[in-house]
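Visitor:
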Amino acid sequence: MITAITQNELVLLAYNELPNERHNQMLKLIEQDANLCKAYNDIKLQMEVLDTLEFKPHPTSVQIVLEESCSSSSLEMI
25 MITAITQNEL
35 VLLAYNELPN
45 ERHNQMLKLI
55 EQDANLCKAY
65 NDIKLQMEVL
75 DTLEFKPHPT
85 SVQIVLEESC
95 SSSSLEMI
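Residue 25 is where the sequence shown starts when you use the working numbering, and the numbers rise one by one after that.
Have a look at this one:
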């Protein structure tokens with residue numbers, strides 16, 4: 025049974041989150057379809073780029089959290 029492959033399924037495949045049978049089935053379909061292959065490779069490339077990103081909170085945000093935590097009364101912590 026051939027079903028349409030969604031972008032969500034391609035992402036699940038890229039992250040190895042599909043059952044083995046579906047995983048193998050999709051890999052075969054990707055090998056046979058140039059458009060699916062390109063979409064899958066694009067997702068893999070985007071994953072590599074996302075893995076290199078680092079996020080740091082703005083110093084003002086950190087300061088606000090610290091000030092709020094210090095101003096909490098002991099009763100609020102219970």
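Ideal placement from N, C-alpha and C gives every residue a C-beta, glycine not left out.
What you are looking at is a predicted structure, and each value in this text was computed from that prediction instead of being measured.
If contact is defined by three or more beta carbon pairs under 8 Å, each pair taking one atom from either stretch, is the region 82-90 in contact with the region 50-59?
Guide: No: the two stretches stay apart, fewer than three of their Cβ pairs being nearer than 8 Å.
Visitor: So Ile67 and Ala28 are in contact, right, with Cβ under 8 Å, and what is the actual spacing, rounded?
Guide: About 16 Å separates the two Cβ atoms, so there is no contact after all.
Visitor: Rounded to the nearest angstrom, what separates Lys62 and Asn44 at their Cα positions?
Guide: Lys62 and Asn44: Cα-Cα distance of roughly 22 Å.
Visitor: Which residues bound the alpha helix (DSSP H) around Thr76?
Guide: Residues 58-76.
Visitor: Could you pull the start and end residues of the alpha helix (DSSP H) that Ala38 belongs to?
Guide: It spans 31-38 - the alpha helix (DSSP H) in which Ala38 sits, taken as one unbroken run.
Visitor: Can you tell me whether DSSP reads Leu42 as helix, strand or coil?
Guide: Of the three classes helix, strand and coil, the one that applies to Leu42 here is coil, per DSSP.
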